[in-house]
Amino acid sequence: MLKQCEGSHAVAEAVALSRPEVICAYPISPQTHIVEGLGEMVKKGDIKDCEYINVESEFAAMSVAIGSSAAGARTYTATASQGLLFMVEAVYNASGLGLPIVMTVANRAIGAPINIWNDHSDSMSQRDCGWIQIFAETNQEAADLHIQAFKLAEELSLPVMVCMDGFILTHAYERVDMPTQEQVDAFLPPYSPRQILDPAAPVSIGAMVGPEAFSEVRYLAHAKQMQALELIPKISAQFKEIFGRDSGGLVRPYMLEDAETVVIALGSVLGTIKDTIDEMRADGISIGVLGINSFRPFPVSAIRRSLSHAKRIIVLEKSLAVGIGGIVATDVRMALDGLDKRIYTVVAGLGGRNITRSSLHRVFRLAMHDQLEALHFLDLEWSIVNKELDRERTTRRSGPIAENILRDLGQAKSNVG
Amino acid sequence: MGHQEIKFYQTGTFTVGNRLLPPEQRSVQSDIERTNSLNSGHRACQGCGEALGARYAIDAAMRATNNQLVAVNATGCLEVFSTPYPETSWQIPWIHSLFGNAAAVATGVAAANKVKALKAGKALPETRVIAQGGDGGTTDIGFGCLSGMFERNDDVLYICYDNQAYMNTGVQRSSATPPAARTATTMPVGEHPGNEWGQGKNVPLIAMAHGIPYVATASVSDLRDLEYKVKKAMSMRGARYIHIFVPCPLGWGSASHDTIKLARLAKETGLFPVFEAEYGEVTNVSKIRQKQPVEEYLRLQRRFAHLFGKKPRLDEIERFQHMADQNIRKFGLLGDDKATVGYYGAEHE
């Protein structure tokens, strides 16, 4: 059924259709509307046989999820930013134990300085945590991916993070085709756990493992993610059969076949990039885009295949590996190992800074002429940066950086006014 | 065999024999019905109070739940000594997640059990859950999750095995470590040797302040009382807390054969009040039978040896005595005295 609704509500409905049995809720922007929506549905009885637990922290949210999943319940929670960091110990534990929890990460920057707006720093910080990480481009896909995520998680007995851009998707009202309960039931069978805390057949879960077996246990975590590389496209195809649309998969090519320049990105910024590419194509420029849907597992072969004809690659990412540059770009380099291609890293949209078509035009054209530096910060205000660097050179007690920059920016603006 | 009506303790001894008790109060140590949920062969130290306490607590919970029990374990000695790869001592479904989240994991298990019961058309789940941890996992790192579980009144019995320090990591101070005690992070050096005075938290009283259905303290020196409290706790729904005093020969520097004696002295001095509380009010205290001076308790432990050297710290020993006497007054541990703590005005359900 077509609906005009907020991204968060679309996700809440998709989760509800997946018949969750335990939901842990802790508020943090910008995911809050999702768990609020679910709370109301459970209380009204729209979601039957479901426990909705208002926990005291994100660490507790993931810990409750670990308990309920291990006891055999289909379990969901959502978080973002600082919340994801606060639950990290339990995040690693959930994947280490192989518990198929599904969690939305409404992507948001990490402080300090505190910032509530969108970038991918939060989920990227967890790229090695053993969870599957899939990214949504639109609200439709965000809703669809949650239904797929439960199936993927439960088939592999691994937790899945569905990443969607905070505010840009979570708070945007868009048209979403909501599936029916019959469709979802046909797609997603009831949860049948691989391991369960059952008095009729007692098992110990989470025992001490030393050097004699730890490597094997960790290797199997990797092997499962490699299985996911095959399973994700299969699930996407099954989804298309029942729901009639493309959602998910490993990568999403656009205008790629003959493209000399290829942009790689994740999430909602793909829309702006596609618009930019349409305009550049109209100018006769050979450029395309490859969206990465599955970041973990990283689809090395699919990316290598998709980029075989490309001369240069621009990885545009909303994250920064401080001290080296790109996070996604590093993985792309790995995928293209041994191939002769220029790879540019563009760090963009940090802390919610808008990524505009005009800025994209500028960097894409610079790259096409091989005039872009290897690591570029999109729309960085150099005068402000240099002013602070100068202050630090000349003053020992130069003060807190973020506050200095805010003050400098304020002065710059009032000078203009 | 018949039995005679007795006061709980006979005179002339600190103990009471099984044969003097009515059958329902007798220990079932060698009963063939005993589940041995924490089976023999684990790697606890000789004289480990925690292993003893856990064995009795869990078997009592098993009996009370018709063997429909799941255990959640915080990281710590109990977790480590019971599951050295590839073996496990646990004969019941058991999960260890992290150091600081046992209460929350148990909340999750309880929630899953409840949903399963609902789906089967039952109002209440038959399968129950206990969470357990040491004092570090309970009073320090796990305290946030514990308080959250209490506050939501989740259907979990949390058992804290209190041996008064982080023993698994090599005897470091916790918020349950008594003053003056030597630990690896509160060495007996300087002007105030050992742990600081005026610190620490009393988690049973904090648990009571949540107004939860049941809070009790218990000791491995009185296993029947411990079993009774676990059984009682499992007859109730909602958040319940039992804090068990478990001496640690390794961390306390005491003889393995003195574990029970030390636990008994902790109670008989008044240093560890044994009581029950329901909905924030003290409902029952185990009276001191034969009051002992604190020296008797302190002297047996090397962690307090610096109080008894060539220059005994009579001032510090006096402070311990004051602490014990204060407990005796507060909880009414002598004669017909009444407890004066724990009236928080929480409503009975």
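In the order they appear, the protein sequences are chains A and B.
Here the numbering used here is used: the first residue of the first sequence is 1, the next is one more, and so on.
Here the numbering used here is used: the first residue of the second sequence is 418, the next is one more, and so on.
Backbone N, C-alpha and C define an ideal beta-carbon position, used for all residues, glycine too.
The structure displayed is predicted, hence computed values, not measured ones.
### Message
Measuring straight from C-alpha to C-alpha, what distance separates A/Asn418 and A/Thr138?
### Response
It is not possible to answer for residue 418 of chain A, since the shown part of chain A is limited to 1 through 417.
### Message
Relative to the C-alpha of B/Asn617, which candidate in B/Ala582, B/Pro503, B/Met651 has its C-alpha closest?
### Response
Sequence check: residue 617 of chain B is Gly here, not Asn. That would be B/Ala582, whose Cα lies nearest to the Cα of B/Gly617.
### CA-to-CA distance, B/Pro710 to B/Gly615, given in whole angstroms
Roughly 21 Å separates the two Cα atoms.
### Task
Have a look at the DSSP bridge pairing and note the partners of B/Gly565.
Under DSSP, no beta-bridge partner is assigned to B/Gly565.
### Message
Let me check understanding here. Comparing Cα to Cα, which of A/Leu99, A/Trp131, A/Asp331 lies closest to B/Gly525?
### Response
A/Leu99
### Message
Cutting at 7 Å between CB atoms, please list the residues of its own chain near B/Glu712, excluding the five before and the five after it.
### Response
Ile734
### B/Ser457, buried or exposed, once every other Cβ within 10 Å from all chains shown has been counted against 16
exposed
### Task
Run down chain A in chain order and give the residues with a C-beta less than 8 Å from the C-beta of B/Trp507.
Pro202, Ser204
### Message
Would A/Ile66 pass as an interface residue toward chain B - the criterion being a Cβ-Cβ separation below 8 Å?
### Response
yes
### Query
Going by alpha carbons, who is nearest to A/Ala143 out of A/Glu36, A/Leu350, A/Met178?
Closest option to A/Ala143, Cα to Cα, is A/Met178.
#### Entry: A/Glu257 versus A/Met280: straight-line alpha-carbon distance, rounded
Straight through space, the alpha carbons of A/Met280 and A/Glu257 are spaced by roughly 16 Å.
### Query
Thinking C-beta only, is A/Leu250 closer than 8 Å to A/Ala302?
yes
### Message
Would the segment 99-115 of chain A count as touching the segment 75-88 of chain A if we require 3 or more Cβ pairs under 8 Å?
### Response
yes
#### Entry: A/Ala94 and A/Ile66 closer than 8 Å at C-beta
yes
### Task
State the DSSP-derived secondary structure class of B/Tyr760, mapped to helix, strand or coil.
Residue placement at B/Tyr760 cannot be trusted, given a pLDDT of 48 that sits under 50; what the coordinates show is reported in the next sentence. When DSSP states are grouped into helix, strand and coil, B/Tyr760 belongs to the coil group.
### Residue range of the unbroken beta strand (DSSP E) whose run includes B/Tyr578
574-579
#### Entry: Interface residues of chain B facing A/Glu58 [CB-CB closer than 7 Å]
Chain-ordered listing is empty here: chain B has no CB closer than 7 Å to the CB of A/Glu58, the nearest sitting near 11 Å.
### Query
Do A/Arg296 and the ligand HEM come close, with the Cβ less than 7 Å from some heavy atom?
With respect to small molecules bound, the structure shown includes none, and the ligand HEM cannot be examined in it.
### Task
Find the nearest neighbour of A/Phe167 within the set A/Glu260, A/Gly267, A/Val160, A/Gly72, judged by alpha-carbon distance.
A/Gly267
#### Entry: Spatial neighbours of A/Val481 in its chain, beta-carbon cut-off 6 Å, leaving aside the 5 residues before and after
In the structure as shown, chain A begins at 1 and stops at 417. Residue 481 of chain A is therefore absent and cannot be evaluated.
#### Entry: 8 Å Cβ cutoff met for B/Ala656 and B/Phe567
yes
### Task
Leaving out five residues on either side along the sequence, give the residues of the same chain with a beta carbon under 6 Å from the beta carbon of A/Ser68.
Val22, Thr75
### Query
So which residues on chain A does B/Thr524 lean against when the C-beta distance must stay under 7 Å?
Ile53, Val64, Gly67
### Message
Once DSSP output is grouped into helix, strand and coil, what is the label at B/Phe431?
### Response
Here B/Phe431 scores only 49 on pLDDT, less than 50, and its place in the model is too uncertain to base an answer on.
### Message
Across the segment 482-497 of chain B and the segment 543-558 of chain B, are there enough close Cβ pairs to call them in contact, namely three or more that are closer than 8 Å?
### Response
yes
### Query
For the alpha helix (DSSP H) that contains A/Gln148, what are its first and last residues?
139-156
### Query
If you draw a straight line from the alpha carbon of B/Gly550 to that of B/Cys577, how long is it in whole angstroms?
5 Å
### Query
Hey, out of A/Ser247, A/Leu290, A/Gly244, A/Arg342, whose CA is closest to A/Ala265's CA?
A/Leu290
### Buried/exposed call for B/Gly762, threshold 16 Cβ in 10 Å
Low confidence applies here, because B/Gly762 scores a pLDDT of 41, under 50, leaving its location unreliable and the question unanswered by this model.
### Query
How would you label A/Val105, buried or exposed, when you count the other beta carbons within 10 angstroms and need 16 or more for buried?
buried
### Message
Once the 5 residues before and after B/Trp511 are set aside, which same chain residues still bring their CB inside 6 Å of it?
### Response
Ala488
### Query
What are the partner residues of B/Val632, as DSSP defines its beta bridges?
B/Tyr658, B/Ala694
### Task
With DSSP collapsed to three states, give me the class of B/His765.
The predicted position of B/His765 is uncertain, since its pLDDT is 40 and thus under 50; no value can be drawn from it.
### Straight-line gap, B/Phe662 to B/Ala468 (C-alpha atoms, nearest Å)
12 Å
#### Entry: Closest by C-alpha distance to A/Gly210, when choosing among B/Ala598, B/Lys747, B/Val497, B/Tyr696
B/Val497
### Message
Let me check one thing: in DSSP terms, what residues is B/Gly550 bridge-paired to?
### Response
DSSP, once it has assigned bridges, lists B/Cys577 as partnering B/Gly550.
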